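Colleague: Residue numbers (the UniProt record's numbering), protein chains in the order written: chain A, 1 to 197; chain B, 1 to 197.
Each residue gets a CB set at the ideal place from its N, CA and C atoms; glycine is no exception.
Since the model is a prediction, treat every value here as computed from it, not as a measurement.
There are 2 protein chains.
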Amino acid sequence: MSAGGDIEALIDMMARLPGLGPRSARRAVLQMIRKKELLLTPLADLMHHVAATVRECATCGNIGAGQICDICASEKRATGEICVVEDVADLWAMERSAVFGGRYHVLGGTLSALDAVGPEELRIPKLVQRVTDERVTEVILALNATVDGQTTAHYIADQLEGRVRLTSLAQGVPIGGELDYLDDGTITAALRARKAF
Amino acid sequence: MSAGGDIEALIDMMARLPGLGPRSARRAVLQMIRKKELLLTPLADLMHHVAATVRECATCGNIGAGQICDICASEKRATGEICVVEDVADLWAMERSAVFGGRYHVLGGTLSALDAVGPEELRIPKLVQRVTDERVTEVILALNATVDGQTTAHYIADQLEGRVRLTSLAQGVPIGGELDYLDDGTITAALRARKAF
Chain A
1 MSAGGDIEAL IDMMARLPGL GPRSARRAVL QMIRKKELLL TPLADLMHHV
51 AATVRECATC GNIGAGQICD ICASEKRATG EICVVEDVAD LWAMERSAVF
101 GGRYHVLGGT LSALDAVGPE ELRIPKLVQR VTDERVTEVI LALNATVDGQ
151 TTAHYIADQL EGRVRLTSLA QGVPIGGELD YLDDGTITAA LRARKAF
Chain B
1 MSAGGDIEAL IDMMARLPGL GPRSARRAVL QMIRKKELLL TPLADLMHHV
51 AATVRECATC GNIGAGQICD ICASEKRATG EICVVEDVAD LWAMERSAVF
101 GGRYHVLGGT LSALDAVGPE ELRIPKLVQR VTDERVTEVI LALNATVDGQ
151 TTAHYIADQL EGRVRLTSLA QGVPIGGELD YLDDGTITAA LRARKAF
């Protein structure tokens, strides 16, 4: 590729973003260079601005522009409910559904013996401390339905046992899901948790 | 999405890049924020640098760091052959195959009556001028095998008729291609252009 060293470096770096490979990175960079004033320069400005302002919320681990994120700063969200999620992406997914009015606690991953991720790396002590300090009434464990996610959920449940109401997201058939395409585990979970019609 | 206005703006802008949608833009932005020092800041720096330095080559329309691109500046590439391509992406594809040792001419699109793209918009007069000025011996028409691409190739051929050797890329079965999966047009072209084995 005789694109000049800087353009090549930009393509290589773009290709490291999730969802982009070398080919789509090339297309993206070419598009940015074509629309230099509309895309390349504003994008670079915005990235610098975000890099300079965005930080982790000291309370919940969400990302935002201040010491404390918007959700933790809002009095409206002080419902006594804390929803525990693995990741900021999961928090965003919960917020898009706009069904939860409480606050969050972002673990930043799951417990993993293989990767040497212990409770301290995951803000679990901070969660235990919040349950004491914030008069929390309910902790909703919204961890992913994977082995690591469920292991982490059980560990947190052990830590908070008897001190607060603990719940987890319901498991079952997703809305719009067809039985024929569902895995056995989901069908088993949905049948066990069946409700009166 | 309660990601803060700046992060949301960054996601929106990233989602406008080809190959990225809203979901992959969110994942990419989250990854960049996680790796702020390794990814977000260097990427923004590099984009500013590219925006400030990259420009179109005055001769061939390729993008590069100077008034004249590396290929046009290199004496080694003065073979008297000019390969005419639609787009910088096509030039990069040719360069990756590393089989062509001459220079390029990037049209910047194809003739299109519908979109009111005429020869002037496509650097065709500049190509005619280069054939006179640069002692060109052969013009290789490497335009895409689409209707617009072939229309443009015929127009250029008319302009240069009798003044230079005109060739075009061979059409046929792609390497690794299976006949069963090829369209009728390709099979027809490959059969008509059959060679002694």
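(1) Could you tell me which uninterrupted alpha helix (DSSP H) segments, each at least 4 residues in length, are contained entirely in the UniProt domain "Toprim" (80 to 174) of chain A, listed from first to last along the chain?
(2) Relative to the alpha-carbon of A/His-154, which residue among A/Lys-195, A/Glu-121, A/Leu-111 has its alpha-carbon at the smallest distance?
(3) Could you tell me which residues DSSP puts in a beta bridge with A/Gly-64?
(4) Of the choices B/Gly-101, B/Pro-125, B/Arg-55, whose alpha-carbon is the least far from that of A/Lys-36?
(5) In this structure, does DSSP put A/Pro-42 in helix, strand or coil?
(6) For the region 160 to 178 of chain B, list every residue whose C-beta sits within 9 Å of some C-beta in chain A, in sequence order.
(7) For a cutoff of 8 Å on Cβ pairs, would you count B/Val-54 as touching chain E?
(8) Note the first and the last residue of the continuous alpha helix (DSSP H) segment covering B/Arg-27.
(9) Three Cβ pairs or more, each shorter than 8 Å: is that satisfied between the region 70 to 89 of chain A and the region 127 to 135 of chain B?
(10) So, with DSSP's three-state summary, where would you put B/Glu-178?
(11) Could you tell me the boundaries of the alpha helix (DSSP H) in which A/Leu-191 lies?
(12) If you follow the alpha helix (DSSP H) that A/Cys-72 is part of, which residue opens it and which one closes it?
(13) In angstroms, rounded to a whole number, what distance separates the CA positions of A/Thr-41 and B/Gly-66?
(14) From B/Val-99 to B/Leu-91, what does the alpha carbon distance come to, in whole angstroms?
(15) Please report the straight-line C-alpha distance between A/Ala-15 and B/Arg-163, rounded to a whole angstrom.
(16) How many Å lie between B/Asp-115 and A/Ile-7 at the Cα?
(17) Could you tell me the boundaries of the alpha helix (DSSP H) in which A/Glu-8 lies?
Modeller: Taking the geometry as given:
(1) 88 to 97, 124 to 133, 147 to 160
(2) Stepping through the first sequence from its first residue, residue 154 of chain A is reached at position 154. Minimum Cα distance to A/His-154 is reached at A/Leu-111.
(3) As a working mapping, residue 64 of chain A is identified with position 64 in the first sequence. Beta-bridge pairing links A/Gly-64 to A/Arg-55.
(4) Taking the first residue of the first sequence as 1, we reach residue 36 of chain A at position 36. Among B/Gly-101, B/Pro-125, B/Arg-55, the Cα nearest to that of A/Lys-36 is on B/Arg-55.
(5) Residue numbering aside, residue 42 of chain A sits at position 42 when the first sequence is read from its first letter. A/Pro-42: helix per DSSP, three-state reduction.
(6) none
(7) The structure shown contains no chain E; its protein chains are A and B.
(8) Residue 27 of chain B sits at position 27 when you count from the first residue of the second sequence. Start and end: 22 to 34.
(9) no
(10) As a first step, residue 178 of chain B must be located in the second sequence, where it is residue number 178. Coil, per DSSP.
(11) Mapped onto the first sequence, residue 191 of chain A falls at position 191. It spans 184 to 192 - the alpha helix (DSSP H) in which A/Leu-191 sits, taken as one unbroken run.
(12) Along the first sequence, one-based indexing puts residue 72 of chain A at 72. That run of the alpha helix (DSSP H) goes 70 to 73.
(13) Counting from one through the first sequence, the residue named residue 41 of chain A turns up at place 41. Counting from one through the second sequence, the residue named residue 66 of chain B turns up at place 66. Rounded to the nearest angstrom, the two C-alpha atoms are 19 Å apart.
(14) For this step, residue 99 of chain B is matched to residue 99 along the second sequence. For this step, residue 91 of chain B is matched to residue 91 along the second sequence. Cα-Cα distance, rounded: 12 Å.
(15) Within the first sequence, residue 15 of chain A is the residue found at index 15, counting from 1. Within the second sequence, residue 163 of chain B is the residue found at index 163, counting from 1. Near 44 Å, if we compare the C-alpha coordinates of B/Arg-163 and A/Ala-15.
(16) On the second sequence, position 115 is the one that residue 115 of chain B refers to. On the first sequence, position 7 is the one that residue 7 of chain A refers to. Between B/Asp-115 and A/Ile-7, the C-alpha separation is close to 30 Å.
(17) On the first sequence, residue 8 of chain A is found 8 positions in, with the first residue counted as 1. Residues 5 to 14.
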